[in-house]
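Peer 1: Could you have a look at this structure, given as structure tokens, before my questions?
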Amino acid sequence: MKRFVMIATLMSIVTALGCGGVPPPKYFTVKGKVQGIPSNGTEIFFASTTIENLQIGSSVQPSGEFEIPHFFTGGKYAVYFKGSKVPKKYLSPRTSGLTADIGESGGEFTFTLQ
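The opening position of the sequence shown corresponds to residue 17 in the working numbering, with each subsequent residue numbered one higher.
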């Protein structure tokens, strides 16, 4: 039994030491303002144009402001919205016509919906 405990402890130490090689992802903030629509209940989404199924979103505040503090992949994104007051054009990343080029330090954007 003592041998089993010693082997299990040694394996745990080796496993813990081996897991430290990959650094955690770097997060950055994407924020901005949405103009032209009532923002109550509106959500904004960023859909990557290069990485399939990568989307990240946030609620739009009553002031029209939004903030995504845990953005982790820069690149080009199509921007779209969800909400009952959002014009149909802006409900899909394919039809919104809105894009954001996000650098590794984040970014600040203003989107005007008409």
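Cβ coordinates follow ideal geometry from the N, Cα and C atoms, glycine included. Computed from a predicted model, the values in this text were never measured in an experiment.
Since G99 contacts T58 with CB under 8 angstroms, what's their CB separation in whole angstroms?
Peer 2: With 8 angstroms as the limit, G99 and T58 qualify as a contact, their Cβ atoms being about 4 angstroms apart.
Peer 1: To the nearest whole angstrom, what separates the beta carbons of F61 and G122, a pair I think is in contact under 8 angstroms?
Peer 2: That belief does not hold up - the Cβ atoms of F61 and G122 are roughly 16 angstroms apart, past 8 angstroms.
Peer 1: Short of 6 angstroms in beta carbon distance, which residues of its chain neighbour L41, apart from the five on each side in sequence? Order them along the chain.
Peer 2: Here the sequence assigns Pro to residue 41, which means Leu is not the residue at that position. Once the five neighbours on either side are set aside, the close Cβ partners of P41 are F88.
Peer 1: Cutting at 7 angstroms between CB atoms, please list the residues of its own chain near E83, excluding the five before and the five after it.
Peer 2: Once the five neighbours on either side are set aside, the close Cβ partners of E83 are T45, K47, S74.
Peer 1: Could you compute how far the alpha carbon of G113 sits from the alpha carbon of K92?
Peer 2: Approximately 13 angstroms between the Cα atoms of the pair.
Peer 1: For S75, verify whether its CB is less than 6 angstroms away from any heavy atom of the ligand COA.
Peer 2: The ligand COA is absent from the structure shown, which contains no ligand whatsoever.
Peer 1: Which of the three DSSP states is assigned to L107 in this structure?
Peer 2: Reduced to three states, the DSSP call for L107 is helix.
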